[in-house]
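Okay, so here's the structure we're looking at.
2 protein chains.
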Amino acid sequence: MVLNTPVEQPSKETILSVLKAADRIRRHFTEILKPCGLTLQQFNVLRILRGAGPQGLPTLEVGERMIEKTPGVTRLLDRLEEKGLVSRERCHEDRRQQLCTRTQAALDLLAELDEPIVQGDRDTLANLTAQEENELKDLTSRILR
Amino acid sequence: MVLNTPVEQPSKETILSVLKAADRIRRHFTEILKPCGLTLQQFNVLRILRGAGPQGLPTLEVGERMIEKTPGVTRLLDRLEEKGLVSRERCHEDRRQQLCTRTQAALDLLAELDEPIVQGDRDTLANLTAQEENELKDLTSRILR
DNA sequence: TCTATTTCCTTGACAGATCAACTAGTGTTA
DNA sequence: TAACACTAGTTGATCTGTCAAGGAAATAGA
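Taken in order, these protein sequences are the chains called Y and X. Position in the first sequence counted from 1, then plus 518, gives you my numbering. Position in the second sequence counted from 1, then plus 518, gives you my numbering.
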């Protein structure tokens, strides 16, 4: 998950700290989602599809919004379809595309999760002031750019 | 990899930014390691074992230093052993333990990687001043704590 | 209009993360 | 010393990430 601990250069420490923080964040939300039987990525897909509305999105579009390689998305969608949370059908204008839509069940599930997730957001940054939060956003956005 | 993009609360943006940065960092180092046929985690294990010296470390110890669940470590070590980079043998004092040691081949490989990795560290934070770097370390270390 | 290329997506294969269940030694204690 | 719990590690199953290869529809060019 994370680079190891032997620390010499200060940069290494900083990088390590960023990676560890991301790791804690991921675990935190994974924990929140576990009772619903959703993984973090599945949840992301559902939220993206909720945002897309009833007309749905083609597979690649979903992938792009997740910064994710396509093959993973296909199989992610496979599982969500099996669970009845997503439905897919060929697009008529462009028959290469598969339009993915969230089902009503997905909307219900997401609605249940909204509060816990917002709370999770709060908990994640509970130790930072609003200003520090902005600073953190700024600094991380400038990493490797 | 990352939470999706629909953004309402500022906390969400910050969290997203941290996750994305970690993602870029991970990809960056993965890229550096690819020519050597090592994954990031394999590299971590080898560095840990290099740090441990010739007497090696039991499997669980390796796992702890990686913030990693044990089962994963076992299989990680399996692959490294197949590649001839790690050797394992039962500990005589406590026959439950497997002592894992880096081989000479591993040391050679790591030596080759030291410079590229240090350069990778530099590149990662190239856009931050030393002070900003410290700030980033501080802020991330306070996330979810 | 027919081939060549591109685009969208799927499949296969393998590394890795995580959970649950299990084996094999160790230690403890009655 | 026999029974019990504990520790170290492995194995199996499922999900995800990534690469490489490929199919099928759309598009471009001759």
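A virtual CB, placed ideally from N, CA and C, is assigned to each residue, including glycine. Fair warning: this is a prediction, and the values are worked out from it, not measured in the lab.
- Message: Taking only three categories from DSSP, how would you classify Thr557 of chain X?
- Response: Taking the first residue of the second sequence as position 1, residue 557 of chain X is located at position 39. In this structure, Thr557 of chain X counts as coil in the three-state DSSP scheme.
- Task: With 8 Å as the threshold, decide whether the Cβ of Thr592 of chain Y is near any Cβ in chain X.
- Result: What you label residue 592 of chain Y is simply residue 74 of the first sequence in a count that begins at 1. For Thr592 of chain Y, the answer is no, since every Cβ of chain X falls outside 8 Å of its Cβ.
- Pairwise C-alpha distance: Pro576 of chain Y and Leu603 of chain Y: Counting from 1 along the first sequence, the entry for residue 603 of chain Y is found at position 85. Counting from 1 along the first sequence, the entry for residue 576 of chain Y is found at position 58. Distance between the alpha carbons of Leu603 of chain Y and Pro576 of chain Y: 16 Å.
- Item | Identity of the residues DSSP links to Gln616 of chain X by a beta bridge | Here residue 616 of chain X refers to the residue found at position 98 when the second sequence is read from its first residue. Bridge partners of Gln616 of chain X: X:Arg608.
- Simplified DSSP state of Leu575 of chain Y, which is helix, strand or coil: Locating residue 575 of chain Y in the first sequence gives position 57, where the first residue counts as 1. For Leu575 of chain Y, the three-state secondary structure derived from DSSP is strand.
- Item | Boundaries of the alpha helix (DSSP H) in which Glu653 of chain X is found, first to last residue | Here residue 653 of chain X refers to the residue found at position 135 of the second sequence. That run of the alpha helix (DSSP H) goes Ala648 to Ser659.
- Among residues of its own chain, excluding the 5 on either side of Ala624 of chain X, which ones have a beta-carbon nearer than 6 Å to its beta-carbon? Residue mapping note: residue 624 of chain X aligns to position 106 of the second sequence, counting from 1. Closer than 6 Å at the Cβ level, and outside the excluded window around Ala624 of chain X, lie Leu564 and Leu603.
- Query: CB-CB under 7 Å to Gln622 of chain X, same chain, minus the five flanking residues each way: which ones, in chain order?
  - Reply: Within the second sequence, residue 622 of chain X is the residue found at index 104, counting from 1. Same-chain partners within the cutoff: there are none.
- Separation of Glu653 of chain Y from Lys601 of chain X, as counted between CA atoms: Working through the second sequence from its first residue, we reach residue 601 of chain X at position 83. Working through the first sequence from its first residue, we reach residue 653 of chain Y at position 135. One C-alpha to the other measures close to 44 Å.
- Query: Between Gly581 of chain Y and the rest of its own chain, which residues show a CB-CB distance below 8 Å, the 5 nearest in sequence each way excluded?
  - Reply: Residue numbering aside, residue 581 of chain Y sits at position 63 when the first sequence is read from its first letter. Contacts found: Lys587, Thr588, Gly590 and Val591.
- Thr532 of chain Y: which of X:Arg663, X:Leu662 and X:Asp639 sits nearest, CA to CA? Counting from one through the first sequence, the residue named residue 532 of chain Y turns up at place 14. If we check each option's Cα against that of Thr532 of chain Y, X:Asp639 comes out closest.
- Item | CB of Ala539 of chain Y within 8 Å of CB of Val536 of chain X, strictly | Sequence index remark: in the first sequence, residue 539 of chain Y carries index 21 (1-based). Sequence index remark: in the second sequence, residue 536 of chain X carries index 18 (1-based). With respect to the 8 Å criterion, Ala539 of chain Y and Val536 of chain X are classified as neighbours on the basis of their beta carbons.
- Task: Verify the CB distance criterion: does Leu654 of chain Y have a CB-CB separation below 8 Å to chain X?
- Result: Counted from its first residue, the first sequence places residue 654 of chain Y at position 136. Yes, its Cβ sits closer than 8 Å to a Cβ of chain X.
- Query: Can the beta-carbon of Leu595 of chain Y be found closer than 8 Å to that of Arg608 of chain Y?
  - Reply: Translated into the one-based positions of the first sequence, residue 595 of chain Y becomes position 77. Translated into the one-based positions of the first sequence, residue 608 of chain Y becomes position 90. Taking 8 Å as the Cβ cut-off, Leu595 of chain Y and Arg608 of chain Y do not qualify as a contacting pair.
- Query: With Arg620 of chain X and Leu567 of chain X assumed to form a contact (beta carbons below 8 Å), what rounded beta-carbon distance in angstroms separates them?
  - Reply: Residue numbering aside, residue 620 of chain X sits at position 102 when the second sequence is read from its first letter. Residue numbering aside, residue 567 of chain X sits at position 49 when the second sequence is read from its first letter. Right, the Cβ-Cβ distance comes to about 4 Å (below 8 Å), so this counts as a contact.
- Under the three-state DSSP convention, the category Lys587 of chain X falls into: Here residue 587 of chain X refers to the residue found at position 69 of the second sequence. Lys587 of chain X: coil per DSSP, three-state reduction.
- Item | Reduced DSSP category for Arg663 of chain X - H, G, I as helix; E, B as strand; rest coil | Working through the second sequence from its first residue, we reach residue 663 of chain X at position 145. If DSSP states are grouped into helix, strand and coil, Arg663 of chain X belongs with coil.
- Task: Would you mind reading off the limits of the alpha helix (DSSP H) that contains Gln637 of chain Y?
- Result: The residue given as residue 637 of chain Y occupies position 119 in the first sequence. That run of the alpha helix (DSSP H) goes Gln622 to Thr642.
- For Glu650 of chain X, return the contacting residues in chain Y, with the cut-off set at a CB-CB distance below 7 Å. As a first step, residue 650 of chain X is located in the second sequence; it is residue number 132 there, counting from the start. Per Cβ cutoff of 7 Å: Leu657.
- Message: Using CA atoms only, rank isn't needed, just tell me which of Y:Gly555, Y:Leu551, Y:Arg660 and Y:Asp641 is closest to Ser529 of chain X.
- Response: Position 11 of the second sequence, counting from 1, holds the residue named residue 529 of chain X. Closest option to Ser529 of chain X, Cα to Cα, is Y:Asp641.
- Item | Under 9 Å (Cβ pairs) to chain Y, residues found in the stretch 532 to 560 of chain X | Thr532, Ile533, Leu534, Ser535, Val536, Leu537, Lys538, Ala539, Ala540, Asp541, Arg542, Ile543, Arg544, Arg545, His546, Phe547, Leu558 and Gln559
- Item | Closer than 8 Å at the beta carbon, the chain X residues around Gln527 of chain Y | Here residue 527 of chain Y corresponds to residue number 9 of the first sequence, with the count starting at 1. Those are Val636 and Asp639, listed as they occur along chain X.
- Task: Can you have a look at Gly574 of chain Y and say buried or exposed, based on whether 16 or more other CB atoms are within 10 angstroms of its CB?
- Result: Sequence index remark: in the first sequence, residue 574 of chain Y carries index 56 (1-based). Buried is the call here.
- Item | Assigned exposure category for Lys552 of chain X - 16 Cβ within 10 Å defines buried | Position 34 of the second sequence, counted from the start, is the residue given in the question as residue 552 of chain X. Flag for Lys552 of chain X reads exposed.
- Message: Within 10 Å of its beta-carbon, does Asn645 of chain Y have 16 or more other beta-carbons around it, so buried, or fewer, so exposed?
- Response: The count along the first sequence starts at 1 and reaches residue 645 of chain Y at position 127. Asn645 of chain Y comes out exposed.
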